[in-house]
Amino acid sequence: MAVHQAVHTRSEAPTPAAAAPRAVPAWLPADPVPLGLSGFALTTAMLSWILLGILPKTDLPVVIPVAIFFGGFAQLLAGMWAFAERNAFAAAAFTGYGAFWLSFWLLNTTFLKQIPASQQGGAQELYLILWGIFTFYLWIASFRVSLAVNMILLLLVPAYVLIGIGTGANDTTTIQIGAGFGLACAGVAAYTAFAHVVNRTFGKDELLPVGSRS
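Residue numbers (our numbering): 7 to 220.
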């Protein structure tokens, strides 16, 4: 099983015999998975370090440009290229998380201040838990993708939920537990991106294993 399928699953229905043959695109993108996973991993790791207290909260502004360009726009591009490859799972995941990081930037720099201070924690809790629900249904679909991707999403669900609950309750311990899941998730995502690059460059499937599923 080619490593290209580590986050790829295709469900295109066969063309009916009477239908005209589908034209083959003259240009197809390279595998967008390493770019999308790298953008996701780096931004998630940076934010998790700050929420864990490894870096002070005053360093939060350093996350914003990375969230905009690498976590946001780079993942959106990876998602668009995944659409071109007819890869529904990667398209939904990368486009979705690219939108998450762009909305995270707008929320923290523009819209959060429009909410009364006493209600900001609850608003952020709603925001993060809903992203956890989005991640949960991607996790269900990932059982058909690869073990590595399944682990990324399995770790990301409690990260969203716990950080959301902790933010709503102003509970630093719960936030830090969630950030621990986020940092572990970023580590698995970084490994998976690295495995894609190495395996595709050396032309050897599963040189670095990701647990691809047929």
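Cβ coordinates follow ideal geometry from the N, Cα and C atoms, glycine included.
One alpha carbon belongs to A88, the other to D211, and they sit about 20 Å apart. For F187, same chain residues with a beta-carbon under 6 Å away, outside a window of 5 residues either side, are L161, P164 and A165 in chain order. Counting along the chain, the unbroken alpha helix (DSSP H) around T141 starts and ends at Q126 to A147. Contact annotation, L159 with S148: C-beta distance approximately 5 Å; criterion of less than 8 Å satisfied.
Contact check between the segment 74-81 and the segment 100-108: three or more CB pairs, one atom from each, fall below 8 Å, which counts as touching.
With fewer than 16 neighbouring CB atoms inside 10 Å of its own CB, F117 falls in the exposed class. Judged by DSSP secondary structure, V216 falls outside any alpha helix (DSSP H); it is assigned neither H nor E. Between the segment 194-208 and the segment 172-184, the count of C-beta pairs closer than 8 Å stays below three; the two stretches do not touch. Closest option to G59, judged by alpha-carbon separation, among A201, L189 and R219: L189. Counting along the chain, N205 sits inside the alpha helix (DSSP H) bounded by residues T178 to F208.
Assignment of alpha helix (DSSP H) within the segment 65-120, counting only whole runs of 4 or more residues, yields 69-72, 81-90 and 94-112 in chain order.
With a cutoff of 8 Å on beta-carbon distance, Q125 and T173 are scored as not near each other. Sequence-distant Cβ neighbours of I169 in its own chain, meaning closer than 6 Å and more than five residues away, are L134, I181 and G184.
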